[in-house]
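Listed in order, the protein sequences are those of chains X and F.
Following this note's numbering, the numbering of the first sequence begins with 1 at its first residue and continues without gaps.
Following this note's numbering, the numbering of the second sequence begins with 331 at its first residue and continues without gaps.
Single-structure report; data block below.
Protein chains: 2
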Amino acid sequence: MATIRDVSKLAGVSVATVSRTLSHPDKVTEKTRKKVHAAIEETDYKPDVLARNFRTRRSSSIVVLVPDIANPFFSRVIRGIEKQAQILGYSVLLGDTQGMREREITYTKMVNTSQADGIIQLDSHIPFEDQNKITAPIVNACDCVRGTDLPSVQLDNISAAEDMTDHLISLGHKNIAVISGPEEHSITNDRLSGHIKAMEKAGIHFDTSKVTYGDYSIQSGVEAAEKIFNMFPRPSAIFCMNDEMAIGAIHRAKQIGFSVPDDISITGFDNISFAEFCDPPLTTISQPAEEFGTTAMTMLYKVMREEELKQKYKLLPFELITRQSTGPAK
Amino acid sequence: MATIRDVSKLAGVSVATVSRTLSHPDKVTEKTRKKVHAAIEETDYKPDVLARNFRTRRSSSIVVLVPDIANPFFSRVIRGIEKQAQILGYSVLLGDTQGMREREITYTKMVNTSQADGIIQLDSHIPFEDQNKITAPIVNACDCVRGTDLPSVQLDNISAAEDMTDHLISLGHKNIAVISGPEEHSITNDRLSGHIKAMEKAGIHFDTSKVTYGDYSIQSGVEAAEKIFNMFPRPSAIFCMNDEMAIGAIHRAKQIGFSVPDDISITGFDNISFAEFCDPPLTTISQPAEEFGTTAMTMLYKVMREEELKQKYKLLPFELITRQSTGPAK
DNA sequence: TTGTATGCGTTATCAC
DNA sequence: GTGATAACGCATACAA
């Protein structure tokens, strides 16, 4: 493997000039540049990435913290991150935290040791030991930490939940149950706020007891639905905070013998690929999953380069997708 | 940040000894080791990963080549890889290839530049420019390259497809259509072989025209099913090579007004999380997805350390999961 | 604009 | 078993 020294000899310039030609071409005359490039060509020189990383204290890679990569929504976001990262010259290190704080910290520390230059956090924690001290370039995506000034990209969850609830109300539903995500998640709070807003706007009393909590898994949707079906009077609609739980709820409804949407309307959130092919197809909120990834990566890129962010908190658009899992209240 | 030099001074030994204590403890006396560790403790010394990588020409990270990370089966495999990698002290670089050979090569080259120490390939290509020259530690998982001697871990696809077909035959089905994956995939060929084997064993004529090809997406299942429903005589069962296509086929069947399994039995492959919650729940083959990941990573670890592999070609066990998408032939 | 010289932090070679 | 020291390949401060 040719080194920078081989190139410099062949080109008849110093190693410094070769280095400059590559890193700061503007500081080198056109003529020298040409000589150097010719020598690079001839020697088939490829800069030693490891040496460069070592010398510059940068690795050109970023780590993405994700609660669970097997979640179909997150995996699409990551696809977006990866796509954009490659365009910008970065590698993506996978940090599947499994919701464990310990793993989160481990991965975060890779920035301290310069193994990564920045972090994209898809969960709503501050992934630093000292919560008050942000020690690395970071962008928060999808589910965002409250009460911090981390750059973030998320959905307008409040409006989305409001629109979805409006939709149910317009179908005549008044007694609406909610299957929520974990209480500490910020998107959970936002979506609940939006739901309440719509209810109050319509003059319908919102009752906290109608809210059950799941963990975004299908199984938790099944269990939450079970509780809801035992409520009295029985709700005529369920607003679920993701598609998996909605699918679980539909499953349970059908098991019991309820028809969806005739006996009960059920809505999802995310528009995962299965939503369209459920029985009945799921009314849900479509999120631009990949765009979360590309946007977050682009923002992180600027943060790492210490450029100013024009917009520190981005909101991505959603779309209400009306399918057959919702219908008129009886 | 303390360096190895600080530690050596405090411990009253040379930097060489500190380095040895960390990398080859057996070459240092107990007493010195203690001194060094005490000094490390006191200075809170953390070895500089970048310097070490540079010096040793190793990065302690591996790259995983995956056709599409948003595929629910692959994302579970990757979860397994990541888990095991962390245990073994490796980081995982994500190489989502989107089926593009160009991206595959790009990622593979990271091994040449020592940015990665090895590769786990989840697709059935040889990811090197010169197909005949394997230039890096690599393990092939899930869908494996034919006619090479790459270490691999995969399912006994032949037996699995055979068992599934046996199941259909035992229900009285004779006219069985197949929704296959892309023709060039090795798992496609294996599963088809198993299917044919079962058919012949039962004395049923296998007809190539009953095989349609999809690309593993739900939509392609819908389209393939459409073709199958137009066959004459109409098959009474469809053997699909993954769950997504089966879900698509069920969707199309119900659209047309066919009952599953009364009018037609449909089977999947993979047992993704939605399989259990389909309507009807899907008869399928369960694969130990995470175990693919952990096994592949463990094998790669040995390859990278140039240890002998006891078993170069591993087969993981499957399980036939009988649910309600299959029933007796009319 | 270009060259010289130095150092990044570690590991490994070779004496002792 | 331990220490002194070279070397890894590159980027940069400074001098020219």
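Note that the Cβ used here is the ideal one computed from N, Cα and C, for glycine as well.
Residues near residue i in its chain [Cβ-Cβ closer than 6 Å; skip 5 each side]
i               : result
K227 of chain X : T212
H125 of chain X : none
D6 of chain X   : T43
M110 of chain X : V63 and A116
V590 of chain F : I580, A583, I596, P610 and S655
L485 of chain F : Q617, L646 and F648
Nearest-angstrom Cα separation, counted from residue j out to residue i
i               : j               : result
D243 of chain X : P317 of chain X : 18 Å
N471 of chain F : A225 of chain X : Looking at the sequence shown, residue 471 of chain F is not Asn but Ala. Rounded to the nearest angstrom, the two C-alpha atoms are 38 Å apart.
R433 of chain F : M304 of chain X : 25 Å
M100 of chain X : Q416 of chain F : 13 Å
S331 of chain X : E82 of chain X  : As displayed, chain X neither begins before 1 nor continues past 330, which places residue 331 of chain X out of reach and without an answer.
I134 of chain X : T165 of chain X : 37 Å
C608 of chain F : C278 of chain X : 7 Å
L168 of chain X : P280 of chain X : 16 Å
A528 of chain F : M571 of chain F : 15 Å
E129 of chain X : T628 of chain F : 31 Å
I4 of chain X   : L418 of chain F : 34 Å
E276 of chain X : N112 of chain X : 44 Å
T284 of chain X : F269 of chain X : 5 Å
F410 of chain F : E162 of chain X : Correcting the residue identity first, residue 410 of chain F is Gly in this sequence and not Phe. One C-alpha to the other measures close to 38 Å.
A249 of chain X : E183 of chain X : 19 Å
D263 of chain X : F206 of chain X : 21 Å
V469 of chain F : V396 of chain F : 13 Å
I506 of chain F : V178 of chain X : 44 Å
S14 of chain X  : S8 of chain X   : 5 Å
T518 of chain F : S170 of chain X : 48 Å
I534 of chain F : S566 of chain F : 14 Å
Partner residues on chain F for residue i, Cβ-Cβ distance less than 8 Å
i               : result
T294 of chain X : Correct list: empty, because the minimum Cβ distance to chain F is about 13 Å.
A141 of chain X : The premise fails here: A141 of chain X is roughly 16 Å from chain F at the closest Cβ pair, so nothing lies under 8 Å.
T113 of chain X : K376, D378, V379 and L380
Contact list for residue i against chain X, beta-carbon separation under 7 Å
i               : result
I399 of chain F : S75, I78 and R79
P457 of chain F : Neighbours of P457 of chain F on chain X: none; closest Cβ ~16 Å, over 7 Å.
E412 of chain F : L94 and D96
S603 of chain F : I218
H581 of chain F : F277
Cβ-based burial, residue i [other Cβ within 10 Å; buried from 16]
i               : result
A246 of chain X : buried
D398 of chain F : buried
D520 of chain F : buried
R582 of chain F : buried
G657 of chain F : buried
D123 of chain X : buried
A346 of chain F : exposed
F384 of chain F : buried
E41 of chain X  : exposed
T108 of chain X : buried
A341 of chain F : buried
F562 of chain F : exposed
S539 of chain F : exposed
N157 of chain X : buried
E307 of chain X : exposed
Any non-hydrogen atom of the ligand PLP closer than 7 Å to residue i Cβ
i               : result
D378 of chain F : The ligand content of the structure shown is nil, which means the ligand PLP is not present either.
Proximal residues of chain F, C-beta to C-beta of residue i below 9 Å
i               : result
S220 of chain X : Going along chain F, no residue has its Cβ under 9 Å from S220 of chain X, so there is no contact; the nearest lies around 12 Å.
G248 of chain X : F607
Contact set for residue i: own chain, Cβ-Cβ below 7 Å, skip 5 residues either direction
i               : result
H354 of chain F : none
S489 of chain F : G524
K632 of chain F : L639
A2 of chain X   : T43, D44 and Y45
R20 of chain X  : K27 and V28
Q414 of chain F : G623, T624, M627 and T628
R476 of chain F : S516
Closer than 9 Å at the beta carbon, the chain X residues around residue i
i               : result
I449 of chain F : Near I449 of chain F there are no residues of chain X at all, since even the closest Cβ is about 14 Å away, more than 9 Å.
R355 of chain F : Contrary to the premise, residue 355 of chain F reads as Pro rather than Arg in this sequence. Here the premise fails: no neighbours, minimum Cβ distance about 22 Å.
Closer than 8 Å at the beta carbon, the chain X residues around residue i
i               : result
R387 of chain F : L50
K584 of chain F : D279
N383 of chain F : L50, N53 and F54
Spatial neighbours of residue i in its chain, beta-carbon cut-off 8 Å, leaving aside the 5 residues before and after
i               : result
H215 of chain X : Sequence check: residue 215 of chain X is Asp here, not His. Excluding residues within five positions, the ones whose Cβ falls inside 8 Å are G181 and P182.
I368 of chain F : Note that residue 368 of chain F is Ala in the sequence shown here, rather than Ile. Once the five neighbours on either side are set aside, the close Cβ partners of A368 of chain F are A341.
Proximal residues of chain F, C-beta to C-beta of residue i below 7 Å
i               : result
P233 of chain X : In chain order: nothing, as chain F lies at least about 27 Å away.
**Q.** the region 279-294 of chain X in contact with the region 63-83 of chain X per 3-pair CB rule at 8 Å
**A.** yes
Q. If we count Cβ pairs, one from each stretch, closer than 8 Å, do we get three or more for the region 38-51 of chain X versus the region 251-271 of chain X?
A. no
Q | Validate contact between the region 636-643 of chain F and the region 480-489 of chain F using beta carbons, cut 8 Å, 3 pairs | A | yes
Q: Answer yes if the region 379-397 of chain F comes into contact with the region 358-369 of chain F, meaning at least three C-beta pairs across the two stretches below 8 Å, and no otherwise.
A: Not touching, per the Cβ criterion.
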